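In my numbering, the protein residues as written are 1383 to 1627.
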């Protein structure tokens, strides 16, 4: 299978001593890859390093075979991302937000904008100001912005964080539908074990900046454990025990 993302020995430390150490994993075409860990574990740092928002100390990142450091534009050409916040111009309509974003690409038509709004279930609200949107609607608009360039890899940092039950289900179903129908590859971080279990086919666990499980299939985990949560807590408790010895 085609490798979409290769992360090898990724290391990044901040001045306060926190960061990530020796992170390695691969993501293949069509995966919905879950990146699971407590708040502050290093999930966002990894995602920022992969997308060039952070300069990392050592390691190597390749996207679709292109090195993020030496072939930056090529590496990011087929990547869409929402990291930390879902940014949009709140005083503008959903349609105009996508229209402005489309100027960065040479092959986006007006029909593509309408189609994308339809995909994220916002077409009937296309002319409303974003300031009037619920958090779930803003998250779906951000997803539309990330998908506008027709990326092969979509990176989502805590995409259901803060959403109510309805918003969570809508976002979850959108991700699953896009992965099934278009073979879009997703890399999704979360601290919510249940969400990762429902959405993802593979999972990696990060704890205190280190990877403690890398890319195992959720189906294989559930052959050994009653749920992904049992597996997650088992791995976390092992690491806690080791650090206390």
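Glycine included, C-beta positions come from ideal geometry on N, C-alpha and C.
On a predicted model such as this, the values are computed, not experimentally measured, just so you know.
Contacting residues, own chain, Cβ-Cβ under 6 Å from residue i (five flanking each side not counted)
{"i": "residue 1388", "result": "1408, 1444"}
{"i": "residue 1442", "result": "1390"}
{"i": "residue 1607", "result": "1613"}
{"i": "residue 1505", "result": "1499"}
{"i": "residue 1573", "result": "1420, 1421"}
Proximity of residue i and residue j at Cβ, strictly below 7 Å
{"i": "residue 1587", "j": "residue 1581", "result": "no"}
{"i": "residue 1410", "j": "residue 1394", "result": "no"}
{"i": "residue 1417", "j": "residue 1425", "result": "yes"}
{"i": "residue 1592", "j": "residue 1397", "result": "no"}
{"i": "residue 1549", "j": "residue 1597", "result": "no"}
{"i": "residue 1567", "j": "residue 1469", "result": "no"}
{"i": "residue 1545", "j": "residue 1570", "result": "no"}
{"i": "residue 1579", "j": "residue 1542", "result": "no"}
Best match in the options for proximity to residue i [C-alpha to C-alpha]
{"i": "residue 1584", "options": "1450, 1467, 1549, 1599", "result": "1599"}
{"i": "residue 1458", "options": "1592, 1400, 1431", "result": "1431"}
{"i": "residue 1601", "options": "1618, 1613, 1566", "result": "1613"}
{"i": "residue 1422", "options": "1607, 1540, 1475, 1568", "result": "1540"}
{"i": "residue 1524", "options": "1596, 1568, 1479", "result": "1479"}
{"i": "residue 1589", "options": "1391, 1617, 1447", "result": "1617"}
{"i": "residue 1471", "options": "1615, 1512, 1605", "result": "1512"}
{"i": "residue 1463", "options": "1578, 1621, 1530, 1406", "result": "1530"}
{"i": "residue 1497", "options": "1576, 1579, 1452, 1526", "result": "1526"}
{"i": "residue 1502", "options": "1477, 1534, 1450, 1574", "result": "1477"}
{"i": "residue 1447", "options": "1461, 1475, 1399", "result": "1461"}
{"i": "residue 1467", "options": "1500, 1499, 1429, 1557", "result": "1429"}
{"i": "residue 1528", "options": "1605, 1486, 1507", "result": "1486"}
{"i": "residue 1553", "options": "1522, 1576, 1565, 1573", "result": "1522"}
{"i": "residue 1535", "options": "1406, 1415, 1383", "result": "1415"}
Close Cβ partners of residue i (< 8 Å) along its chain, the five nearest in sequence each way excluded
{"i": "residue 1603", "result": "1585, 1610, 1613"}
{"i": "residue 1516", "result": "1549"}
{"i": "residue 1510", "result": "1475, 1476"}
Identified DSSP bridge partners for residue i
{"i": "residue 1495", "result": "Paired residues: none, contrary to the question."}
{"i": "residue 1567", "result": "1535"}
{"i": "residue 1586", "result": "1417"}
Residue i at chain B interface by Cβ criterion, 7 Å
{"i": "residue 1568", "result": "Of the protein chains in this structure there is only one, and it is not chain B."}
Neighbourhood of residue i by C-beta distance below 7 Å, restricted to the same chain and skipping five residues each side
{"i": "residue 1454", "result": "1434"}
Q) Fully enclosed by the stretch 1418 to 1464, which alpha helix (DSSP H) runs are 4 residues long or longer? A) 1425 to 1432, 1454 to 1458
Q: Ignoring anything shorter than 4 residues or poking outside the stretch 1507 to 1539, list the alpha helix (DSSP H) runs there in chain order.
A: 1517 to 1529
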